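A.B. asks: This structure is in structure tokens; I'll ask about it shortly.
Protein chains: 2
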Amino acid sequence: MTRRDTAVVLLSGGLDSCVCLAGVLTRYDAAVLHLDYGQRTQARERAAFDAIADHYGIARRLAVDVSHLKAIGGTSLIDDALPVESGLPVAGGGVPSTYVPFRNGNLLAIAASWAEVIGAQALVIGAVQEDGSGYPDCTEAFYRAFAAAIDAGTRPQTRLEILTPLIHLDKAAIVRRGLELGAPLHLTWSCYVSQERACGRCESCQLRLRGFARAGATDPIPYE
Amino acid sequence: MTRRDTAVVLLSGGLDSCVCLAGVLTRYDAAVLHLDYGQRTQARERAAFDAIADHYGIARRLAVDVSHLKAIGGTSLIDDALPVESGLPVAGGGVPSTYVPFRNGNLLAIAASWAEVIGAQALVIGAVQEDGSGYPDCTEAFYRAFAAAIDAGTRPQTRLEILTPLIHLDKAAIVRRGLELGAPLHLTWSCYVSQERACGRCESCQLRLRGFARAGATDPIPYE
Chain E
452 MTRRDTAVVL LSGGLDSCVC LAGVLTRYDA AVLHLDYGQR TQARERAAFD AIADHYGIAR
512 RLAVDVSHLK AIGGTSLIDD ALPVESGLPV AGGGVPSTYV PFRNGNLLAI AASWAEVIGA
572 QALVIGAVQE DGSGYPDCTE AFYRAFAAAI DAGTRPQTRL EILTPLIHLD KAAIVRRGLE
632 LGAPLHLTWS CYVSQERACG RCESCQLRLR GFARAGATDP IPYE
Chain V
452 MTRRDTAVVL LSGGLDSCVC LAGVLTRYDA AVLHLDYGQR TQARERAAFD AIADHYGIAR
512 RLAVDVSHLK AIGGTSLIDD ALPVESGLPV AGGGVPSTYV PFRNGNLLAI AASWAEVIGA
572 QALVIGAVQE DGSGYPDCTE AFYRAFAAAI DAGTRPQTRL EILTPLIHLD KAAIVRRGLE
632 LGAPLHLTWS CYVSQERACG RCESCQLRLR GFARAGATDP IPYE
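Now the structure itself:
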């Protein structure tokens with residue numbers, strides 16, 4: 452039996468990263484990385500992260516406090532004083548107010564450090580480049596550029612691929628892939644607002660519910 | 452009087468970043484960013500950061516706890532259980548054991564987030580690419596690649612240059628430049644080991660002392 456390569460998988464506890472992990476495990480051993488960046492639903496997302504990692508029996512997990520992103524501010528997602536924008540992505544391709552500047556850049560930098568220490572071969576992020584979603588750090592161009600920066604900024608023997616298996620999927624396709632893979636979607640959490648029952652109204656809930664509906668499936672998590 | 456551009460300057464409290472800041476202030480308004488990554492001399496470096504910022508009357512300052520880099524481990528600089536390597540950079544161009552994997556990648560990601568929020572035009576880092584120092588994230592190739600990643604991963608209107616004004620200077624040239632600029636070198640701290648009087652023996656002290664000697668100057672900080 453040959454030893455499998457290791458992938459560091461960014462696991463927020465949401466639907467996308469859970470489906471991402473399920474797919475990765477068919478080819479890699481996984482080490483899972485969670486980011487607490489002071490968002491409203493931090494405790495609930497952390498619980499989802501642990502539940503998903505337990506489900507798959509993944510021992511190598513790391514949860515990182517990056518609440519300095521909250522101190523840096525500038526977004527409604529991490530600032531309790533600003534209302535969370537409701538509804539779907541901004542028409543016209545603007546950057547939505549839930550944008551955390553260069554969040555995925557910070558996330559990938561941490562992941563790259565950990566990956567170099569544990570000798571991983573890949574970083575996996577469940578980013579989705581939807582038309583008009585407007586997050587500049589969710590584009591293929593960004594991941595290509597960041598992979599080049601990691602290559603230039605790590606030891607010569609470190610070779611880290613960045614994999615974005617969901618980048619061109621819409622939410623319905625992600626739900627379908629999750630169901631095919633038997634991913635534990637009932638353990639995931641997506642709501643930006645609530646922690647016990649999902650609100651069903653925030654941008655993230657609406658995207659998720661529409662994805663399940665278009666996939667002809669029922670979302671297994673509880674809603675208000 | 453025209454409004455000057457703003458530069459986010461990475462200010463560790465060491466000699467290099469202090470000289471870097473002194474030069475930047477001739478052309479930019481500065482916002483200073485400090486990184487506490489759980490190193491042995493964290494409190495002393497933070498005090499130096501504040502003293503230098505006070506000296507220049509800089510109000511916009513941010514100190515960020517990135518002690519997760521300690522949890523990620525893998526280096527003697529941030530792991531109390533491992534001895535600090537003494538002496539000068541490793542012969543033969545190897546990566547020294549004080550290497551924190553992708554540390555500058557993490558630092559620049561935080562700086563990019565803050566710079567986008569405050570509308571800065573430049574990031575400035577006092578990195579030095581000495582022959583054989585062996586830190587892959589201190590090379591011009593790395594900074595070019597990271598600037599491209601920031602460009603791809605931030606808002607279209609964000610234009611952030613990465614400036615590395617010391618990259619080709621040796622320590623003696625940095626000391627000379629600091630003296631020419633009237634930089635407050637007496638407020639800086641470089642020692643990896645001690646917090647009251649510099650040890651004079653660690654890699655960082657030896658580089659610093661040799662720099663002052665070759666510049667024909669006396670280091671104003673106290674040594675054991």
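From first to last, the protein sequence lines are chains E and V.
Take any residue in the first sequence, count from 1 to its spot, add 451: that is its number in the working numbering.
Take any residue in the second sequence, count from 1 to its spot, add 451: that is its number in the working numbering.
Here a beta-carbon is modelled for each residue, glycine too, at the ideal position from N, C-alpha and C.
Since we're looking at a predicted model, the values are computed, not measured.
Tell me which residue opens and which closes the beta strand (DSSP E) that residue 588(V) is part of.
C.D. replies: It is not in any beta strand (DSSP E) - residue 588(V) carries neither H nor E in the DSSP assignment.
A.B. asks: Report, in whole angstroms, the separation of the C-beta atoms of residue 567(V) and residue 593(E), which I expect to be a contact under 8 Å.
C.D. replies: Contact flag wrong, Cβ pair sits at about 14 Å.
A.B. asks: Going along the stretch 554-577 of chain V in order, which residues come within less than 7 Å of chain E, judged by CB to CB distance?
C.D. replies: Cβ contacts with chain E: 555, 556, 557, 560, 561, 563, 564, 565, 567 and 568.
A.B. asks: Please classify residue 631(V): is it buried, with 16 or more other beta-carbons within 10 angstroms of its beta-carbon, or exposed?
C.D. replies: Label assigned to residue 631(V): exposed.
A.B. asks: Determine the closest residue to residue 492(V) out of 483(V), 644(V), 560(V) and 608(V), with distance taken between C-alpha atoms.
C.D. replies: Residue 644(V) is the option with its Cα nearest to residue 492(V).
A.B. asks: Assign residue 588(E) to buried or exposed, taking buried as 16 or more other Cβ atoms, counted over all protein chains shown, within 10 Å of its Cβ.
C.D. replies: Residue 588(E) should be labelled buried.
A.B. asks: How should residue 504(E) be labelled, buried or exposed, when 16 other C-beta atoms within 10 angstroms of its C-beta is the threshold for buried?
C.D. replies: Residue 504(E) comes out buried.
A.B. asks: Rounding to the nearest angstrom, what Cα-Cα distance links residue 476(E) and residue 572(V) in this structure?
C.D. replies: Approximately 42 Å, taken between the alpha carbons.
A.B. asks: Between which two residues does the alpha helix (DSSP H) carrying residue 614(V) extend?
C.D. replies: Unbroken run through residue 614(V) is the beta strand (DSSP E), 612-614; no alpha helix (DSSP H).
A.B. asks: Given a cut-off of 8 Å, decide if residue 458(V) and residue 479(V) are closer than it, judged by their beta-carbon atoms.
C.D. replies: Yes; because the gap between Cβ atoms is below 8 Å, this pair is in contact.
A.B. asks: Taking buried to mean at least 16 other C-beta atoms within 10 Å of its own C-beta, is residue 610(V) buried or exposed?
C.D. replies: With fewer than 16 Cβ atoms within 10 Å of its Cβ, residue 610(V) is classed as exposed.
A.B. asks: Can you find a CB in chain V that lies within less than 8 Å of the CB of residue 527(E)?
C.D. replies: Unreliable positioning characterises residue 527(E) in this predicted model, as indicated by a pLDDT of 47, which lies under 50. The coordinate reading is nonetheless provided below. False, the Cβ-Cβ gap to chain V never drops below 8 Å.
A.B. asks: Just checking: is the beta-carbon of residue 457(E) within a distance shorter than 8 Å of some beta-carbon in chain V?
C.D. replies: No, residue 457(E) does not count as interfacial toward chain V.
A.B. asks: Chain E partners of residue 588(V), CB-CB under 7 Å?
C.D. replies: Going along chain E in sequence order, the residues near residue 588(V) (Cβ under 7 Å) are 604.
A.B. asks: Would DSSP call residue 512(V) helix, strand or coil?
C.D. replies: In the structure shown, residue 512(V) sits in a strand (DSSP, three-state: E or B).
A.B. asks: Rounded to the nearest angstrom, how far is the Cβ of residue 604(E) from that of residue 597(V), given a contact under 8 Å?
C.D. replies: Yes, they are in contact, since the Cβ atoms of residue 604(E) and residue 597(V) sit about 7 Å apart, within 8 Å.
A.B. asks: By alpha-carbon positions, which one of 494(V), 638(V) and 670(V) ends up nearest to residue 651(V)?
C.D. replies: With distances taken between Cα atoms, residue 651(V) lies closest to 670(V).
A.B. asks: Residues in its own chain within less than 6 Å of residue 511(V) by CB, not counting five upstream and five downstream?
C.D. replies: For residue 511(V), where only same-chain residues beyond five positions count, the Cβ hits under 6 Å are 482.
A.B. asks: I think residue 576(V) touches residue 613(V), with their Cβ atoms under 8 Å apart; what is that distance to the nearest whole Å?
C.D. replies: With 8 Å as the limit, residue 576(V) and residue 613(V) qualify as a contact, their Cβ atoms being about 7 Å apart.
A.B. asks: Chain E partners of residue 519(V), CB-CB under 7 Å?
C.D. replies: By Cβ distance, chain E contributes 515, 516 and 561.
A.B. asks: For residue 514(V) versus residue 497(V), is the C-beta spacing smaller than 8 Å?
C.D. replies: Against a cut-off of 8 Å, the Cβ pair of residue 497(V) and residue 514(V) comes out as a contact.
A.B. asks: Hey, could you find the ends of the beta strand (DSSP E) residue 481(E) is sitting in?
C.D. replies: Residue 481(E) -> beta strand (DSSP E) spans 480-487.
A.B. asks: Just checking: is the beta-carbon of residue 593(V) within a distance shorter than 8 Å of some beta-carbon in chain E?
C.D. replies: With 8 Å as the cut-off, residue 593(V) counts as an interface residue toward chain E.
A.B. asks: If you reduce the DSSP assignment to three classes, tell me which class residue 469(E) lands in.
C.D. replies: Residue 469(E): helix per DSSP, three-state reduction.
A.B. asks: Taking DSSP as the reference, what is the three-state secondary structure of residue 626(V)?
C.D. replies: Note: residue 626(V) maps to helix in three-state DSSP.
A.B. asks: Any idea which residues DSSP pairs residue 457(V) with across the strands?
C.D. replies: 480(V).
A.B. asks: Got a sec: is the Cβ-Cβ distance from residue 613(E) to anything in chain V below 8 Å?
C.D. replies: No, because no Cβ of chain V sits closer than 8 Å to the Cβ of residue 613(E).
A.B. asks: Would you kindly work out how many angstroms separate the C-alpha atoms of residue 486(V) and residue 638(V), rounded to a whole number?
C.D. replies: Approximately 17 Å between the Cα atoms of the pair.
A.B. asks: Under 8 Å Cβ-Cβ, which residues of chain E neighbour residue 600(V)?
C.D. replies: What residue 600(V) touches in chain E: 556, 593, 596, 597, 599 and 600.
A.B. asks: Which residues does DSSP pair with residue 674(E) in a beta bridge?
C.D. replies: DSSP output for residue 674(E) lists 649(E) as bridge partner(s).
A.B. asks: How big is the Cα-Cα spacing for residue 591(E) and residue 601(E)?
C.D. replies: If you take the alpha carbons of residue 591(E) and residue 601(E), they lie about 15 Å apart.
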